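Numbering (mature numbering (1 follows the signal peptide of the UniProt record, and there is no 0)), first residue to last: -23 to -1, 1 to 297. Built from N, CA and C at the ideal position, the CB exists for glycine as well. As the structure is a computational prediction, the values presented were derived from the model and not from experiment. As structure tokens, the structure follows; a few thoughts come after it.
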């Protein structure tokens, strides 16, 4: 029986990558990013999927491999959010904090149904459910399910999970001017690395990367995405932001990773629940539902919207 789970990745050292740059036998060694921090756990994981293959610069454009209308109606999204703070003088990792969230998403026309889950001890627990057609919102907190109006409580179903397929695809397409594309036998590999203000604005549309007390001149933003050649589907994306603090004694890395999978493997959200044997408490109406302010220490007990999860990775942690 299929079980869905997200693994918080450990740091893996990725060496120089072999690139077949011109379809000749001669290979050159390079890296997909020049300034990527060694603490980019999520980006490293995406890179590791292609690091052992021969890939070459591609002459396709981003709009040629993304943006076509897809005919799937359901899919699973795995989300990782993380922050790492490194002492550059001692060359040691001061703090590392990663949070994971899984979602089943069903889309039919303009109607969107999303349910998110938290993973605890290899078991999925319901977190938030929203349905734009029925205006239903169910939030699970402390083992109790509470039901309210979606629009009155949080406004929009996208507040439950920012990185729906079409939203992330549109974000990547906005970066076409800055993208470099490679390809191997199975994937197109899209990379972006820049300190341009426009790149920051595009990547930060979802308020993923919040920096405080940093040297603005040292900010670098990057993205790596994999597009499956056979299906034409966007499958893996890792986004990161690097910056030094004001006196350059510390380096801060913030990341967002999204994996899309199980396209149309589930006909409905209900089927996903049944296959993964998820248990639910009876929903109880409530007049007022708080959707933010979840503390990191309460993660296993409290409901968490994606906005809350991203707040946990803000670099106010650097003050510690």
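Here's the rule: buried if 16 or more other CB atoms are within 10 angstroms of the residue's CB, otherwise exposed. What is residue i?
i           : result
residue 65  : exposed
residue -1  : Its pLDDT being 28, under 50, residue -1 is placed unreliably by the model, and the measurement read from it follows with that caveat. The residue is exposed, with fewer than 16 neighbouring Cβ atoms inside 10 Å.
residue 244 : exposed
residue 232 : buried
residue 97  : exposed
residue 204 : buried
residue 182 : exposed
residue 120 : exposed
residue 21  : buried
residue 93  : buried
residue 140 : buried
residue 25  : exposed
residue 79  : buried
residue 69  : exposed
residue 83  : buried
residue 48  : exposed
In this structure, how does DSSP classify residue i when only helix, strand and coil are distinguished?
i           : result
residue 108 : strand
residue 152 : coil
residue 241 : coil
residue 195 : helix
residue 15  : coil
residue 79  : strand
residue 161 : coil
residue 90  : strand
residue 142 : helix
residue 171 : strand
residue 33  : strand
residue 136 : helix
residue 208 : coil
residue 256 : coil
residue 147 : helix
residue 226 : coil
residue 73  : strand
residue 84  : strand
residue 47  : coil
residue 122 : strand
How about residue i and residue j: do their beta carbons lie closer than 8 Å?
i           : j           : result
residue 56  : residue 40  : no
residue 52  : residue 239 : yes
residue 237 : residue 195 : no
residue 359 : residue 131 : Since the first residue of the chain shown is -23 and the last is 297, residue 359 is not available in this structure.
residue 209 : residue 87  : no
residue 179 : residue 151 : yes
residue 301 : residue 19  : There is no way to answer for residue 301, as the model of the chain reaches only from -23 to 297.
residue 156 : residue 169 : yes
residue 201 : residue 103 : no
Go to residue i, then tell me how far its alpha helix (DSSP H) extends in each direction, as first and last residue.
i           : result
residue 42  : 39 to 42
residue 298 : Absent from the structure is residue 298, since the part of the chain shown begins at -23 and ends at 297.
residue 128 : 127 to 130
residue 176 : 174 to 180
Could you spell out where the beta strand (DSSP E) holding residue i opens and where it closes?
i           : result
residue 249 : Unbroken run through residue 249 is the alpha helix (DSSP H), 246 to 252; no beta strand (DSSP E).
residue 57  : 51 to 64
residue 187 : Where residue 187 is concerned, there is no enclosing beta strand (DSSP E), given that its DSSP letter is neither H nor E.
residue 214 : 211 to 221
residue 113 : 113 to 118
- Would you say the segment 137 to 145 touches the segment 155 to 174, given that touching needs at least three Cβ pairs under 8 Å? no
- Message: Across the segment 172 to 181 and the segment 30 to 44, are there enough close Cβ pairs to call them in contact, namely three or more that are closer than 8 Å?
- Response: no
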